[in-house]
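Here's the structure, in structure tokens; my notes come after.
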Amino acid sequence: MDTGEIYTNKLTKGNRTYFFDIKKSEKGDLYLKVSESKKTESGYEHHRLMIFDEDLKDFFEALKKSLKKFKELKEPKDGKTYSVEKIRETHKQAYLPWTEEDDNKLELLFCEGKKAKELAEIFGRNIGAINSRIKKLELKDKYGK
Numbered sequence: 065m066d067t068g069e070i071y072t073n074k075l076t077k078g079n080r081t082y083f084f085d086i087k088k089s090e091k092g093d094l095y096l097k098v099s100e101s102k103k104t105e106s107g108y109e110h111h112r113l114m115i116f117d118e119d120l121k122d123f124f125e126a127l128k129k130s131l132k133k134f135k136e137l138k139e140p141k142d143g144k145t146y147s148v149e150k151i152r153e154t155h156k157q158a159y160l161p162w163t164e165e166d167d168n169k170l171e172l173l174f175c176e177g178k179k180a181k182e183l184a185e186i187f188g189r190n191i192g193a194i195n196s197r198i199k200k201l202e203l204k205d206k207y208g209k
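Residues 65 to 209 in the numbering used here are what the sequence shown lists, from first letter to last.
Laid out in structure tokens, this is it:
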């Protein structure tokens with residue numbers, strides 16, 4: 065075992081083996097070494113990537129962002145041109161069912177003269193959802209607004 069090796073984790077998939085090694089440099093700095101070993105007809109092919117401590121956080125964030133995008137691109141298209149998860153980044157309550165309490169609060173605030181834009185912020189939903197709910201509850205007809 066390499067004297068600088070502190071931890072290792074191995075993952076084998078088919079003819080590829082991945083190693084995730086935490087090592088210590090001669091100066092005592094920690095770094096992550098990711099290696100791929102692939103069996104070929106002529107032996108083994110090796111690839112290595114070293115990520116140093118000062119870059120690890122940024123590397124992790126970039127990897128996380130790339131994996132999220134990978135997942136989005138890989139998911140089968142079901143005719144939707146939107147992602148509920150993506151919409152909920154800006155509208156926390158998007159596509160969640162309305163409760164009786166929500167309806168009562170919406171009716172009260174509507175009667176107070178709140179506009180759809182303000183109601184959207186209050187309820188964590190988009191303006192279209194607010195207008196749809198106002199229509200469904202017939203608030204404009206009920207209150208002549």
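No residue lacks a Cβ here, since even glycine has one placed at the ideal position from N, Cα and C. Only a predicted model underlies this, so the values are computations on that prediction, with no experimental measurement involved.
Collapsed DSSP secondary structure at residue i in the structure displayed
{"i": "Met65", "result": "Reliability of the predicted coordinates at Met65 is poor, the pLDDT of 40 falling under 50, and the value obtained from them is presented with this limitation in mind. Coil."}
{"i": "Arg197", "result": "helix"}
{"i": "Ser99", "result": "strand"}
{"i": "Asn190", "result": "coil"}
{"i": "Lys181", "result": "helix"}
For residue j and residue i, the rounded distance between their alpha carbons
{"i": "Leu203", "j": "Phe174", "result": "8 Å"}
{"i": "Gly92", "j": "Lys138", "result": "41 Å"}
{"i": "Glu90", "j": "Lys103", "result": "31 Å"}
{"i": "Arg112", "j": "Ala126", "result": "18 Å"}
{"i": "Ser99", "j": "Phe116", "result": "14 Å"}
{"i": "Asn79", "j": "Tyr146", "result": "38 Å"}
{"i": "Lys132", "j": "Gly208", "result": "47 Å"}
Host alpha helix (DSSP H) of residue i (start-end)
{"i": "Tyr207", "result": "Leu203 to Tyr207"}
{"i": "Asp167", "result": "Glu164 to Cys175"}
{"i": "Leu127", "result": "Asp117 to Lys138"}
{"i": "Glu153", "result": "Glu153 -> no alpha helix (DSSP H), and no H or E assigned at all."}
Contact with chain D by residue i, beta-carbon distance below 8 Å
{"i": "Leu94", "result": "In the structure shown, chain D does not exist; there is a single protein chain."}
Counted within 10 angstroms of its Cβ, other Cβ atoms place residue i as buried (16 or more) or exposed
{"i": "Phe187", "result": "buried"}
{"i": "Glu205", "result": "Before going further, note that residue 205 is Asp rather than Glu in the sequence given. By the 10 Å Cβ count, Asp205 comes out exposed."}
Limits of the beta strand (DSSP E) - the one that residue i falls within
{"i": "Lys87", "result": "Arg80 to Lys88"}
Stretch-stretch touch, CB-based, cutoff 8 Å, three pairs: the segment 116–124 with the segment 155–169: Under the three-pair Cβ rule at 8 Å, the segment 116–124 does not count as touching the segment 155–169.
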